[in-house]
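Residues in the sequence shown are numbered from 36 upward in steps of one, following this note's numbering. All C-beta atoms in this analysis are idealised placements derived from N, C-alpha and C, irrespective of residue type, glycine included. Predicted model, so just to flag it, every value in this text is computed and none were measured. Report on the structure given below.
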Amino acid sequence: MKFLEFRYFIFSISSEIDEKNSTATTILIGQGSLGLSQRQYYTKETNITIAYRQFMYSIAKALTNDTSMIDQDIKEIFDFEKNISKYHWTYVEQQARYNKTIRTTISNLSRTLKTSFDFTTYLHHLYLFGNVILNKFDLVTIKELDFLINVISIVNKTSSRIVQNYFIWRFLMSQSEYMPKYIRNIKEQFNQVFKDTSTEELRTVECATYVNKHMGLVISKLYIKKYFDKNLVSVFRVFFRK
């Protein structure tokens, strides 16, 4: 679970089918996600960036009694993410630079991905969360190399407090739709501006989506079959057919 919760913040780590050999698995390293999803949203101040910071403020205020540092923390978190967004590849750029994808192995990763961040040790620790022990022959695929180099440089120049606060914020943002109603209401207010909608999904659908997202299709299917009411399962089937 810890692996799934944090793997897409700043840079992404995932296990994928190897593009050159469908019988093999590769560890994919690439750029992570942004809170506002696209680089374009950070280029100038808009009602979306204002709503995004208000989203941060409302969540922070709802979860703490000490509000003395909230304004400063939010400014630093947003500026940090805005700086990262400058190097974030768009979908078009990803497709145009596909030939820049790098293939290597765990044993050669440190020589291939030359940054001050120790990706090799990080991968070993990360996969141990899932009781997976990597070996030196495991395949690694690197995408968005320029982004990785630039973002590591940004992190190195940023205080640990800001980086930690950013991770906390992204985690809270990703889980807000599964939290109590008053937190979900805050998320809905942001969505009304960002996505032009404030409609909340049925809790039954949200629960199924959550299980699928964090357990994967095969395991989630077994989990839903065992623990979910049969009548609710029919609701999910109708939803996914739509």
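Do residue i and residue j have their CB atoms nearer than 9 Å?
i: N82; j: Y122; result: no
i: E179; j: W124; result: yes
i: F44; j: F206; result: yes
i: V175; j: T140; result: yes
i: S68; j: S47; result: yes
i: I197; j: I112; result: yes
i: S120; j: Q224; result: no
i: I64; j: L148; result: yes
i: N200; j: D53; result: no
i: I105; j: K96; result: yes
Taking the alpha helix (DSSP H) that residue i belongs to, which residues open and close that run?
i: Q73; result: Neither: Q73 is in no alpha helix (DSSP H) and is coded neither H nor E.
i: I221; result: 216-229
i: R146; result: 144-147
i: T155; result: 154-163
i: S49; result: No alpha helix (DSSP H) contains S49, which is instead part of the beta strand (DSSP E) from 46-52.
May I ask which residues mark the beginning and end of the beta strand (DSSP E) holding residue i?
i: R88; result: Note, R88: premise wrong, no beta strand (DSSP E); alpha helix (DSSP H) at 82-98.
i: I339; result: With the chain represented from 36 up to 277, any question about residue 339 goes unanswered, as that position is not in the structure.
i: T125; result: Segment: none, T125 is in no beta strand (DSSP E) and carries neither H nor E.
i: T58; result: It is not in any beta strand (DSSP E) - T58 carries neither H nor E in the DSSP assignment.
Tell me the rounded alpha-carbon separation between residue i and residue j.
i: S142; j: K171; result: 5 Å
i: T78; j: T58; result: 42 Å
i: K55; j: I137; result: 12 Å
i: S209; j: K135; result: 30 Å
i: S145; j: S49; result: 18 Å
i: R88; j: K230; result: 15 Å
i: L98; j: M214; result: 12 Å
i: V253; j: E80; result: Its pLDDT being 48, under 50, V253 is placed unreliably by the model, and nothing is read from it.
i: H159; j: T61; result: 14 Å
i: F182; j: E128; result: 12 Å
i: I168; j: N100; result: 42 Å
i: T156; j: D114; result: 29 Å
i: Q227; j: D173; result: 44 Å
i: Y217; j: I203; result: 19 Å
i: T193; j: F152; result: 14 Å
i: Y162; j: R219; result: 31 Å
i: Y76; j: T84; result: 7 Å
i: S103; j: Y126; result: 39 Å
i: G165; j: R74; result: 32 Å
i: V240; j: S211; result: Its pLDDT being 49, under 50, V240 is placed unreliably by the model, and the measurement read from it follows with that caveat. So the alpha carbons of these two residues sit roughly 15 Å apart.
i: Y133; j: I187; result: 21 Å
State yes or no: is the C-beta of residue i nearer than 8 Å to some heavy atom of the ligand ATP?
i: L161; result: Annotation note on the ligand ATP: not contained in the displayed structure, which lists no ligands.
Residue ranges of each alpha helix (DSSP H) run of no fewer than 4 residues wholly in the stretch 168-221, ordered along the chain? 180-191, 195-210
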